[in-house]
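Here this note's numbering is used: the first residue of the sequence shown is 33, the next is one more, and so on. In this text, a Cβ means the ideal position worked out from N, Cα and C, and glycines have one as well. As the structure is a computational prediction, the values presented were derived from the model and not from experiment.
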Amino acid sequence: MRRDLSSRAAPLRMRPRVLVAPDPGMARAVPAGTEAVVVGAGVAGVSAATVLAERGAAVTLLEAAPTLGGRLGAWPHTLPDGTEQVVGHGFHAFFRHYYTWRAVLRRIDPELSFLRPVGGYPVISRNWPAEDLTGLPAAPPLNLVALFARSPSLGLRDLAGADASLGTELLSYDRERTTAAFDAMTAGEFLAGLGLSDRAQAMLFEAFARSFFCNPDRLSAGELVAMFHYYFLGNPEGIGFDAPGTDYLTGIWDPFTRYLRRHGATVRTGTACESLVPADGHGWRLALSDGSELRTRHVVLALDPGALQRLFAASPDAAAAAPRLAAQSRALQVAPPFAVTRLWLGTDVGAERPTFSAVSREPTLDSITIYSRLERPSAQWAARTGGSIVELHSYSCDAPDAGTATARMRAELAALWPETTRAPVVHLQQRLEATAPAFPPGGAGRRPGVRTDARGVRVAGDFVELPYLCGLMERAAMSGVLAANDVLAEVGAGPEEIRGVPQRGLLAGLPPGALDGLGRRRKVAAARR
């Protein structure tokens, strides 16, 4: 109820809207004999497979890993004492305006009862007091007014010295205009141009920018403005988010495996697609890692950007048949590695520590999550042992290996939470991997879209160029549903509904001269292209 009221409290143009409407005049079920292969079982692939299987398509879902989930994946891990815990690729926030992803999740839990609120969203630093974004009004622009009024990082001097026209851009997001003006600029240049204090930049903007797996100097300013609109100024649900009360394997991926199989889908884990070859007519042949092959008319490639590049490098015939998609895939950039270290500590951390904290201005550490206060299996281990389970995450990590990343993050954690220096480490699990997409300056319009120049091949994932604004897990889910909708359209079935946030900012559409300085910045952006 509270979330509905938040949405209704927003100005009319800032309320959620239907982006893709169902068509009651079209068939819901696909024609008999319709089949599809979805390659990759992360959020995008499972979203596509779910919609297609529900509509009656014979779906084969392929996943190279032993379990579903992609970067949201999870798998069993045995501790030295024989206890089995489920670990993964790091904490993910399930924001309340992830309308598409939540609609897909309702297939396995109609009430989303497995999600629970995470209390607070503090940004912490060893240099300044914490900046807590909890409790801001949900509706824009009241949230922005409240932030200015109460934030210890924003003083009168900041507001007086800020570049008003550049700041106005955060309220004026418009896809075409914002991209043209700011895509060639780095997020770091944009933030420096705002003229805010170092503290305000660090506590309010830089930690936010790094959560997209890139340092501000390697992230497009156009993407930063878009994401600031999506997560804050154009988000009628507020900045609060939820997380599963159990591990992702138990709460999400095992239920989805059962759900898909109930709808006739074939789920094959531990099976990669090694090459894609055009077949007779409009079909495709997929060579699989187990030596078998599949033939299909409809393919959804729901891979991470590096895996998509490798697939086309190994598929010269497909690249020749789809030169635009092959070129777009080659041009994709993978973000710097991210590091995840989970620590099983012999003692608890301070009772005052929040469940989740974003971290600002540490060389390596970007967030801290206390899993023993978040999910049941971890809480049970902590209750039995008197310890705690803490996860450290670095979103854009320059450490040469996982061990170095862990050592750096632990040292930075000790400076922030001194009690952890005295806590014995019972066990640790660490990973360093590079699978997230980058959104570099000048990259807009160069990434693959859902529909490609390879007839019958769709692309889905959180790097895909979409017609609607969204981010992270929601971008993955929406791309998957859009890919399914494209298959449905080809066979004559109606689309799945898609809802989203307002696609333009509160001040978008002002007369050209109203945003002072825009023309100058367009010239700067054009010169950098």
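Return the CA-CA distance between residue i and residue j, expressed in angstroms with no decimal places.
i: Ala216; j: Asn247; result: 15 Å
i: Ile140; j: Gln535; result: 29 Å
i: Thr372; j: Ala64; result: Per the sequence presented here, residue 372 reads as Val, with Thr not at that position. Taking the straight line from one Cα to the other gives about 45 Å.
i: Leu226; j: Ala234; result: 13 Å
i: Gln565; j: Gly101; result: Any question about residue 565 goes unanswered here, given that the chain covers just 33 to 561.
i: Thr484; j: Phe146; result: 36 Å
i: Leu174; j: Asp433; result: 44 Å
i: Gly72; j: Glu325; result: 16 Å
i: Ala135; j: Val533; result: 14 Å
i: Val458; j: Arg442; result: 14 Å
i: Cys305; j: Gly323; result: 10 Å
i: Arg374; j: Gly167; result: 29 Å
i: Gly254; j: Leu265; result: 15 Å
i: Trp376; j: Ala466; result: 24 Å
i: Leu328; j: Phe240; result: The sequence shown places Thr at residue 328, not Leu. Straight-line Cα distance between these residues: approximately 42 Å.
i: Ala61; j: Asp55; result: 12 Å
i: Glu444; j: Ser229; result: 24 Å
i: Ala354; j: Thr453; result: 55 Å
i: Glu221; j: Val309; result: 44 Å
i: Ala446; j: Trp316; result: 54 Å
i: Tyr153; j: Pro386; result: 8 Å
i: Ala213; j: Arg138; result: 39 Å
i: Arg358; j: Tyr263; result: Before going on, a small fix: residue 358 reads as Ala here, not Arg. The alpha-carbon atoms of Ala358 and Tyr263 are separated by roughly 32 Å.
i: Leu111; j: Arg490; result: 41 Å
Taking the Cβ atom as the reference point for each residue, do residue i and residue j lie within a distance shorter than 8 Å?
i: Thr218; j: Val257; result: no
i: Pro472; j: Ser252; result: yes
i: Ala492; j: Ala515; result: yes
i: Leu236; j: Ser185; result: yes
i: Gly277; j: Glu116; result: no
i: Phe344; j: Ala350; result: yes
i: Arg531; j: Pro268; result: no
i: Val331; j: Val119; result: no
i: Gly488; j: Ala59; result: no
i: Phe391; j: Leu448; result: Phe is not the amino acid found at residue 391; the sequence shown has Val there. In this structure, Leu448 lies closer than 8 Å to Val391 by Cβ.
i: Ala437; j: Tyr280; result: no
i: Ala494; j: Leu504; result: A quick correction: the sequence has Asp, not Ala, at residue 494. Taking 8 Å as the Cβ cut-off, Asp494 and Leu504 qualify as a contacting pair.
i: Ala468; j: Phe260; result: no
i: Ser410; j: Ser399; result: no
i: Gly477; j: Glu497; result: yes
i: Arg151; j: Ala334; result: Looking at the sequence provided, one finds Gly at residue 151 rather than Arg. No.
i: Arg356; j: Leu93; result: no
i: Ser321; j: Ser347; result: no
So is residue i buried or exposed if we call it buried at 16+ other beta carbons inside 10 Å?
i: His121; result: buried
i: Ala363; result: exposed
i: His314; result: exposed
i: Gln24; result: No statement about residue 24 is possible, as the shown extent of the chain runs from 33 to 561 and does not include it.
i: Arg553; result: Reliability of the predicted coordinates at Arg553 is poor, the pLDDT of 45 falling under 50, and the value obtained from them is presented with this limitation in mind. Classification for Arg553: buried.
i: Gly272; result: buried
i: Thr82; result: buried
i: Asp312; result: exposed
i: Glu528; result: buried
i: Asn517; result: buried
i: Gly537; result: buried
i: Thr401; result: buried
i: Pro450; result: exposed
i: Ser157; result: buried
i: Pro161; result: exposed
i: Val50; result: exposed
i: Gly541; result: exposed
Can you tell me the Cβ-Cβ gap for residue i and residue j, rounded? I've got them flagged as a contact below 8 Å.
i: Glu163; j: Val155; result: 4 Å
i: Phe180; j: Asp274; result: Contact flag wrong, Cβ pair sits at about 27 Å.
i: Pro18; j: Asp430; result: Residue 18 cannot be examined here, being either before or after the span of the chain that is shown, 33 to 561.
i: Ala170; j: Gly270; result: 3 Å
i: Glu394; j: Thr132; result: Actually they are not in contact, since the Cβ atoms of Glu394 and Thr132 sit about 33 Å apart, beyond 8 Å.
i: Leu397; j: Ser426; result: 6 Å
i: Cys412; j: Gly435; result: The amino acid at residue 412 is misidentified as Cys; the sequence shows Gln. That pair is no contact at about 29 Å.
i: Ala508; j: Val366; result: 16 Å between Cβ atoms; not a contact.
**Asked** Is there contact between the region 376 to 390 and the region 413 to 429, where contact requires at least three CB pairs shorter than 8 Å?
**Response** Touching, per the Cβ criterion.
**Request:** Determine contact between the region 282 to 289 and the region 89 to 106, defined as no fewer than three beta-carbon pairs at a distance below 8 Å.
**Result:** Flag = yes, the region 282 to 289 and the region 89 to 106 touch.
**Asked** Counting Cβ pairs closer than 8 Å, one from the region 289 to 308 and one from the region 74 to 89, do we hit at least three?
**Response** Contact between the region 289 to 308 and the region 74 to 89 is present, with at least three C-beta pairs closer than 8 Å.
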